[in-house]
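Heads up: the protein sequence lines correspond to chains U and L, in order. Each residue of the first sequence is one higher than the one before, starting from 537 at the first, in this note's numbering. Each residue of the second sequence is one higher than the one before, starting from 64 at the first, in this note's numbering. Report on one structure; see the data block that follows.
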Amino acid sequence: DAKTTQPPSMDCAEGRAANLPCNHSTISGNEYVYWYRQIHSQGPQYIIHGLKNNETNEMASLIITEDRKSSTLILPHATLRDTAVYYCIVAAGGFKTIFGAGTRLFVKA
Amino acid sequence: NAGVTQTPKFQVLKTGQSMTLQCAQDMNHEYMSWYRQDPGMGLRLIHYSVGAGITDQGEVPNGYNVSRSTTEDFPLRLLSAAPSQTSVYFCASSYSPSERYEQFFGPGTRLTVL
Chain U
537 DAKTTQPPSM
547 DCAEGRAANL
557 PCNHSTISGN
567 EYVYWYRQIH
577 SQGPQYIIHG
587 LKNNETNEMA
597 SLIITEDRKS
607 STLILPHATL
617 RDTAVYYCIV
627 AAGGFKTIFG
637 AGTRLFVKA
Chain L
64 NAGVTQTPKF
74 QVLKTGQSMT
84 LQCAQDMNHE
94 YMSWYRQDPG
104 MGLRLIHYSV
114 GAGITDQGEV
124 PNGYNVSRST
134 TEDFPLRLLS
144 AAPSQTSVYF
154 CASSYSPSER
164 YEQFFGPGTR
174 LTVL
């Protein structure tokens, strides 16, 4: 499975867009890009996933570059409740899901 | 739907004791898995199941057993607890192990082994 690289931490002002980058240069053709987040010590929460097209849902947008080697998760209007660890994962199937250390996002008032 | 439920929420064991962590889901999901998360780390896959009667090992299976007799339940057994197994344990389920489907996680069991 492809490995991902994320910055260890990021800050964002409340109400602003939070843009979380992820590099996955060894991604293969059948691997999806997934984003989960973990608030405090709760179980991870699914946010969004995509294969090669940009995706949007009620929580976030996912922008995948044309070569699929990187992606960006966008939280359009970050709130204090979005403070969490965000995991970018590339996966070819649930049993091959590997969680790295993620990006710790701090949303500040 | 209750989603994925885990019991107990907290547990303290002594070295050498055994116990079973319970996990259940009411979404008729085919795929279930167990992860452990050590402080400041990401999640590591312990065991997984792609259906009733079918289980397999993940990254860190040593010291743990699983079984899947029903679609709903996927218990994790610690055979002889060790301090190195102090961790937070998360159970997850998915409609299918296919890459197309997201995983739903339980609230976790916080285990301390003395």
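All C-beta atoms in this analysis are idealised placements derived from N, C-alpha and C, irrespective of residue type, glycine included.
- Restricting attention to Ile625/U, Ala627/U and Val621/U, the CA atom closest to the CA of Pro544/U is found in Val621/U.
- Apart from sequence neighbours up to five positions away, the residues of its chain that approach Gly79/L with a beta-carbon distance below 7 Å are Ser143 and Ala144, ordered along the chain.
- Residue burial annotation: Glu602/U is exposed, with fewer than 16 other C-beta atoms found within 10 angstroms of its C-beta.
- Secondary structure at Gln578/U: coil, using DSSP grouped into helix, strand and coil.
- Taking 8 Å as the Cβ-Cβ cut-off, the stretch 583-598 of chain U approaches chain L at His585, given in chain order.
- Look at Gly565/U: its C-beta is not under 8 Å from any C-beta on chain L.
- By the neighbour-count criterion, in which 16 or more other beta carbons inside 10 Å mark a residue as buried, Leu177/L falls on the exposed side.
- Taking 8 Å as the CB threshold, Gln166/L lines the interface with chain U.
- Taking 9 Å as the upper bound on Cβ-Cβ separation, chain U lies near residues Val151 of the stretch 125-151 of chain L.
- Residue pairing of Ile584/U in beta bridges, as defined by DSSP: Trp571/U.
- Chain U has no Cβ within less than 8 Å of the Cβ of Gly116/L.
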